[in-house]
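This report concerns only the one structure given below.
Numbering (the UniProt record's numbering), first residue to last: 1 to 308.
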């Protein structure tokens, strides 16, 4: 798929979810929102800024592996923002587990990305001044950092909203995808450029329908549908768990995707991959306090045996 089509992909995802929500959640505008539009607007601005920053980072000499490594830092960013803004305090085990999970994902990403090149195709790359390249790369890092902490702040803001207004995941999903649509007018040129590239992609026959469609559009359709399932599930999760726990689940999902891509593309699973996987696995066990919960569950059974 076209590596520069991030804005087109995001726009299609937002449009699909907005249409689905308008029909089935707001009942064509007849159901009033439970959460104020002012609160949704604040949430939407953060959501849009984070999405655009992540997409545009590729235009500043940021390779995909580095992009993925930054996204792996979302757990630490969420924890830092929670401490600074909500004055949260965590047990040492939480700090340890978050550090282990982040380190494990970073190790796997670095090893998997050693042969991956930047998606940015530089014009007249041979004539690029090294300082100029470094300058644009620094701007890309700044965009990724901004996106990382804005996303963390957005998760905390959602947590506060649900405590104040109650749990309304479908409504939140709808309005956070409907309200940003006008912002995409600012990206119309970029979106249209990649629409044309999608139209020019090779045709793929669909025997069941008796038609042929550009293969990129089929990929985009598959992406929109799978992302809808993923995003809607995350919104339900945000109403049931803390922001840090939601971030953990999303981060682990990305890690599983990374492992799946290694297997799917028949890439070697090295010692470093095993080390990273073990760090993530052990870190997850520590974070979820599985050992303590198992002991608590077994304690009553052991007491009954002693009584007998």
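From the three backbone atoms N, C-alpha and C, an ideal C-beta is built for every residue, glycine too. Model, not experiment: these values are computed from the prediction.
Please list, in chain order, all residues of the same chain as residue i whose beta carbon is under 7 Å from its beta carbon, the five residues on each side excluded.
{"i": "residue 282", "result": "100"}
{"i": "residue 57", "result": "67, 140, 143, 144"}
{"i": "residue 70", "result": "144, 148"}
{"i": "residue 81", "result": "149, 152, 153, 156"}
{"i": "residue 92", "result": "none"}
{"i": "residue 220", "result": "9, 12, 198"}
{"i": "residue 115", "result": "For residue 115, the predicted model reports a pLDDT of 48, less than 50, meaning its position is unreliable and no value from the coordinates is stated."}
{"i": "residue 133", "result": "61"}
{"i": "residue 146", "result": "53"}
{"i": "residue 223", "result": "9"}
{"i": "residue 51", "result": "10"}
{"i": "residue 309", "result": "Residue 309 is absent from the structure shown; the chain starts at 1 and stops at 308."}
{"i": "residue 232", "result": "173"}
{"i": "residue 217", "result": "198"}
What is the C-beta distance between residue i and residue j, in whole angstroms, given that I count them as a contact (C-beta under 8 Å)?
{"i": "residue 215", "j": "residue 227", "result": "Going by Cβ atoms, the distance from residue 215 to residue 227 rounds to 18 Å, so no, they are not a contact pair."}
{"i": "residue 98", "j": "residue 79", "result": "6 Å"}
{"i": "residue 17", "j": "residue 173", "result": "6 Å"}
{"i": "residue 287", "j": "residue 27", "result": "Their Cβ separation, rounded to whole angstroms, is 40 Å, which puts residue 287 and residue 27 out of contact at 8 Å."}
{"i": "residue 270", "j": "residue 106", "result": "Actually they do not touch by this definition, with Cβ atoms about 15 Å apart."}
{"i": "residue 235", "j": "residue 40", "result": "Rounded, the Cβ-Cβ distance is 13 Å, inconsistent with contact."}
{"i": "residue 14", "j": "residue 259", "result": "Contact doesn't hold; Cβ gap of about 29 Å is too wide."}
Can you tell me which of the three DSSP states residue i falls into?
{"i": "residue 93", "result": "helix"}
{"i": "residue 202", "result": "coil"}
{"i": "residue 214", "result": "strand"}
{"i": "residue 190", "result": "helix"}
{"i": "residue 275", "result": "helix"}
{"i": "residue 295", "result": "helix"}
{"i": "residue 9", "result": "helix"}
{"i": "residue 253", "result": "helix"}
{"i": "residue 129", "result": "coil"}
{"i": "residue 35", "result": "coil"}
{"i": "residue 4", "result": "coil"}
{"i": "residue 289", "result": "coil"}
{"i": "residue 105", "result": "helix"}
{"i": "residue 87", "result": "coil"}
{"i": "residue 151", "result": "helix"}
{"i": "residue 178", "result": "helix"}
{"i": "residue 163", "result": "helix"}
{"i": "residue 27", "result": "coil"}
{"i": "residue 54", "result": "helix"}
{"i": "residue 145", "result": "helix"}
On the criterion of 16 or more Cβ atoms from any shown chain inside 10 Å, does residue i qualify as buried, or is it exposed?
{"i": "residue 240", "result": "exposed"}
{"i": "residue 120", "result": "Low confidence applies here, because residue 120 scores a pLDDT of 46, under 50, leaving its location unreliable; read the following figure in that light. Burial call: buried."}
{"i": "residue 7", "result": "buried"}
{"i": "residue 238", "result": "buried"}
{"i": "residue 60", "result": "buried"}
{"i": "residue 135", "result": "exposed"}
{"i": "residue 211", "result": "exposed"}
{"i": "residue 30", "result": "exposed"}
{"i": "residue 161", "result": "buried"}
{"i": "residue 158", "result": "buried"}
{"i": "residue 131", "result": "exposed"}
{"i": "residue 138", "result": "exposed"}
{"i": "residue 44", "result": "buried"}
{"i": "residue 108", "result": "buried"}
Enumerate in chain order the residues of its own chain whose CB-to-CB distance from residue i is below 6 Å, with the five nearest sequence positions on each side excluded.
{"i": "residue 196", "result": "none"}
{"i": "residue 183", "result": "48"}
{"i": "residue 170", "result": "25"}
{"i": "residue 104", "result": "276, 279, 280"}
{"i": "residue 202", "result": "215"}
If I measure Cβ to Cβ from residue i and keep anything under 8 Å in the same chain, skipping five residues before and after, which residues do I get?
{"i": "residue 22", "result": "28, 29, 174, 178"}
{"i": "residue 291", "result": "285"}
{"i": "residue 213", "result": "203, 204, 206"}
{"i": "residue 42", "result": "157"}
{"i": "residue 129", "result": "none"}
query: Are the segment 183 to 192 and the segment 245 to 258 in contact at 8 Å, needing three or more beta carbon pairs?
result: As far as the Cβ criterion goes, the segment 183 to 192 does not touch the segment 245 to 258, which means the pair count is below three.
message: Assess contact between the segment 30 to 42 and the segment 159 to 168, defined as three or more Cβ pairs (one per stretch) separated by less than 8 Å. Is contact present?
response: Touching, yes, given that three or more Cβ pairs across the two stretches are closer than 8 Å.
Cβ contact check for the segment 258 to 276 and the segment 76 to 90: 3 or more pairs under 8 Å: Using a C-beta cut-off of 8 Å, the segment 258 to 276 makes no contact with the segment 76 to 90, since fewer than three inter-stretch Cβ pairs fall below that distance.
message: For the structure I just gave you, are there three or more beta carbon pairs, one from the segment 64 to 83 and one from the segment 231 to 246, closer than 8 Å?
response: The segment 64 to 83 and the segment 231 to 246 touch, with no fewer than 3 CB-CB distances between them shorter than 8 Å.
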